[in-house]
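Enquirer: Below you will find the structure I want to go over with you.
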């Protein structure tokens, strides 16, 4: 049976614990009929900037899957964790630091999500990329419209089939970022940390059999927080991997045997009719 993923957290609140009135109020915000509420995860609590306001998606009682990168901002969890791992006594944070620029315009063409430093002079620092998960399938519009009208004590189930799109989030989105940024970080004598939640990490193979905590053994520090059943995000697992091992993990696929490929090929081959002249 295909699992239907619906809203886990909405504008920073678990859907399952909301009152009917609260659901209807947030549905109006999701439908852009009213202004969005503040984001509880970001410092200063600015208005939510994510269209629809869905922080995480969930199928039944399964663990929530984070779909908004701002969900990781709660309590400065990631920079504090990374600072502890690398041994910073003080922790300084910068956001969206330009890393690449266009040769034609000179404008920034790529940024590091977060940079964590041990002092204000950037004598020692680590980059930190945060990757939430995209989902495939129908959008949430129908769910928002239903939630705006529904008055049942329990929220209605998801209306459409959708699921986390691990491959788009990993091989198509995150891996190219690492392949561009890690070699430069290596030359500069520092490292890149990458944060994904545990469902994402499990989908690309999960923790290594013997995970390394030696910063000298790789290029990438993987930070894997986990959300518990009360929707609290906590530190959970970290390990150090090389860029090559990280790329293999993100591909999360293996080449089929030649015979298997050619069996599938024969089913798909169709003859192109010859052009008839005259």
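In my numbering, the protein residues as written are 4 to 281.
Glycine residues also receive a C-beta, built at the ideal position from the N, C-alpha and C atoms.
These numbers were taken from a predicted model, which means no experiment stands behind them.
1) Out of 253, 223, 74, 139, point me to the one whose CA is closest to residue 206's CA.
2) Between the segment 39-47 and the segment 68-76, do three or more beta carbon pairs fall short of 8 Å?
3) Between the alpha carbons of residue 128 and residue 101, how many angstroms are there, rounded?
4) Quick check on this structure: which residue in 200, 249, 159 has the alpha carbon closest to the alpha carbon of residue 228?
5) Shortest alpha-carbon distance to residue 141 belongs to which of 149, 214, 226, 163?
6) What number of angstroms, rounded off, separates the C-alpha of residue 249 from the C-alpha of residue 151?
7) Count the other CB atoms, across all protein chains shown, that sit within 10 Å of the CB of residue 155; report buried if there are 16 or more and exposed otherwise.
8) Taking 6 Å as the limit between beta carbons, can you name the residues of its chain near residue 17, skipping five residues before and five after?
9) How big is the Cα-Cα spacing for residue 125 and residue 6?
10) For a minimum of 3 consecutive residues, which ranges assigned as the beta strand (DSSP E) are wholly contained in the segment 133-176?
11) So, with DSSP's three-state summary, where would you put residue 264?
12) Under a three-way DSSP split, which group does residue 99 fall into?
13) Let me make sure I understand the geometry here. Which of 36, 58, 21 has the alpha-carbon closest to that of residue 15?
14) Run through DSSP, which three-state label would residue 6 get?
15) Quick one: what does DSSP say residue 128 is sitting in, helix, strand or coil?
16) Nearest CA to the CA of residue 177: which residue from 238, 251, 149?
17) Less than 8 Å between the CB atoms is what I'm expecting for residue 56 and residue 39, so what's the real figure, rounded?
18) How many Å lie between residue 138 and residue 172 at the Cα?
19) Pick helix, strand or coil for residue 27, following the three-state DSSP scheme.
20) List, from N- to C-terminal side, the alpha helix (DSSP H) runs of 4 residues or more that fit wholly inside the segment 26-107.
21) Whose C-beta lies closer than 6 Å to the C-beta of residue 202 among residues of the same chain, with five residues either side of it excluded?
Expert: According to the data block:
1) Residue 253 is the option with its Cα nearest to residue 206.
2) Yes: at least three Cβ pairs fall under 8 Å.
3) 15 Å
4) 200
5) The shortest Cα separation from residue 141 among 149, 214, 226, 163 belongs to 163.
6) 43 Å
7) That one is exposed.
8) 234
9) 46 Å
10) For the segment 133-176, the full-length beta strand (DSSP E) segments reaching 3 residues or more read 138-140, 165-167 along the chain.
11) Residue 264 sits in a helix when the DSSP states are folded into three classes.
12) Three-state result, residue 99: strand.
13) 58
14) coil
15) Strand.
16) 251
17) 6 Å
18) When only Cα atoms are considered, residue 138 and residue 172 end up about 9 Å apart.
19) helix
20) 80-89
21) 66, 68
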